[in-house]
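Asker:
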Amino acid sequence: MKKFITLILIVFAVTINSNAQELDSFTAKDAYNYLNSIGALTDMNLVMTMSMEMPNQGVDYFTVDFTSGKSTNWTFTCVSTDPNNKKVYSATVLKMAGTFVAMGDSTDDELGETRYLNEINWVDSDVIGVKVAANTSLMTFLNNNSANVYFKYFILAYSNEEPAIDTFTWLPIMVTNSNTTAACMYNAVTGQNITCEIDGVVNVEEIQKSIVRNFPNPTTGLMNFNTELTGNAQIRIFDLSGIEVSSFSQEINRDFQLNLSNLSNGFYNIVITTESGSFSKKVIIAK
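Position 150, counted from 1, in the sequence shown is what the working numbering calls 151; the numbers after and before it change by one each time, with no gaps.
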């Protein structure tokens with residue numbers, strides 16, 4: 002499906018000191034409460050909550066701690082309560098020196114039928130973290146493969162498949178460099194462990210498709226864009242502190258490419274503006 006970024010939900014709700022490099026860890030519920038406090042979830046239905054760690058991708062400040070249930074990043078996937086608005090929205094929350102920062106965008110992808118997380122009294126991520134840490138098979142797998150862990154995910158979603166029919170679930174997932182995968186599934190309301198598996202894990206392939214769509218893919222620098230915008234574009238790039246690190250102009254004609262290889266490894270927000278409109282896109286540089 003043709004994709005393009007069309008809207009900024011929140012563009013760096015606060016700008017903080019550029020000297021602050023360390024990200025704080027916090028729970029998903031902390032992030033959820035923050036987004037509610039700034040109105041980012043107004044008229045939105047929450048579909049999925051996710052955090053991600055890339056220990057071997059050169060972006061060291063993204064961490065997911067299964068033993069505490071805390072992470073340095075949480076991304077919330079939402080859809081509008083307006084039935085005529087079919088876009089999928091996402092907002093990523095970070096916290097630096099005690100200050101929350103939120104970034105958001107949207108795509109024209111449509112989600113299938115789903116259930117929403119808005120009204121459930123889901124168990125907080127730190128509680129789930131304690132339960133995950135107590136699972137011998139999962140933690141043994143993590144300890145034995147820690148040097149080769151490629152991605153770590155912590156996901157809150159709705160499941161309508163066995164063995165968790167009609168259940169909101171927490172999913173801690175690890176993928177190694179050899180694509181060996183381990184995960185547990187926990188009832189998000191009660192915290193009950195439903196299943197833990199290594200390889201062939203809990204619909205991991207389908208979950209990863211959602212992750213790829215709703216969270217920025219790491220890139221070494223070359224990025225292709227597919228938009229409806231044409232003409233002279235002003236391109237501004239912000240780092241995760243909200244500091245503009247680059248600004249330049251470029252002629253674009255719907256499909257175009259940007260070379261961002263001069264940027265250091267990290268998380269950036271790209272804002273592209275023309276006379277016909279603008280859009281933003283989150284990107285992770287990992288060389």
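Even for Gly, the Cβ is constructed at its ideal location relative to N, Cα and C.
Given that a residue counts as buried once 16 or more other Cβ atoms are within 10 Å of its Cβ, and exposed if not, what is Ala189?
Answerer: buried
Asker: With distances taken between CB atoms, is the gap from Asp127 to Thr28 smaller than 8 Å?
Answerer: yes
Asker: Do Ser72 and Ser26 have their C-beta atoms closer together than 8 Å?
Answerer: yes
Asker: From this set, Asn178, Ala158, Asp167, Ile271, which residue's C-alpha is nearest Thr78's C-alpha?
Answerer: Ala158
Asker: Looking only at its own chain, which residues have a Cβ that is under 8 Å from the Cβ of Leu143, when we skip the five neighbours before and after it?
Answerer: Phe67, Val150, Met175, Ala183
Asker: Using beta-carbon positions only, say whether Phe155 and Met55 come within less than 8 Å of one another.
Answerer: At least 8 Å separates the beta-carbon of Phe155 from that of Met55.
Asker: Tell me, to the nearest whole angstrom, how far the beta carbon of Thr275 is from that of Thr221; I am working on the premise that it is less than 8 Å.
Answerer: That pair is no contact at about 26 Å.
Asker: Run the CB neighbour count on Asn145, radius 10 Å, all protein chains shown included, and call it buried at 16 or more, exposed below.
Answerer: exposed
Asker: Mark Phe226 as exposed unless 16 or more other C-beta atoms lie within 10 angstroms of its C-beta, in which case mark it buried.
Answerer: buried
Asker: From the DSSP output, read off the bridge partner residues of Thr196.
Answerer: Met186
Asker: If you check the beta carbons only, do Leu259 and Ile286 fall under 8 Å apart?
Answerer: no
Asker: Can you say whether Lys96 is buried or exposed, counting buried as having 16 or more other CB atoms within 10 angstroms of its CB?
Answerer: With at least 16 other beta carbons inside 10 angstroms of its own, Lys96 counts as buried.
Asker: Check whether the Cβ atoms of Ile271 and Val284 sit closer than 8 Å, and answer yes or no.
Answerer: yes
Asker: In this structure, does DSSP put Met140 in helix, strand or coil?
Answerer: helix
Asker: Report the residue from Asn46, Val89, Asn136, Lys132 whose alpha carbon sits nearest the alpha carbon of Glu120.
Answerer: Asn46
Asker: Could you give the distance in angstroms between the alpha-carbon of Phe239 and the alpha-carbon of Phe268?
Answerer: 9 Å
Asker: Is Arg214 helix, strand or coil when you go by DSSP?
Answerer: The predicted position of Arg214 is uncertain, since its pLDDT is 48 and thus under 50; a value taken from the coordinates is nonetheless stated next. Looking at Arg214 - three-state DSSP - the assignment turns out to be helix.
Asker: Under 8 Å between the Cβ atoms of Tyr90 and Lys132?
Answerer: no
Asker: Is Pro84 buried or exposed, if buried means 16 or more other CB atoms sit within 10 Å of its CB?
Answerer: exposed
Asker: Can you round the beta-carbon distance between Glu252 and Asn233 to whole angstroms, since I take them to be within the 8 Å contact cut?
Answerer: 6 Å
Asker: Whole angstroms is fine: what's the gap from Asn178's alpha carbon to Lys88's?
Answerer: Using only the alpha carbons, I get a separation of about 33 Å.
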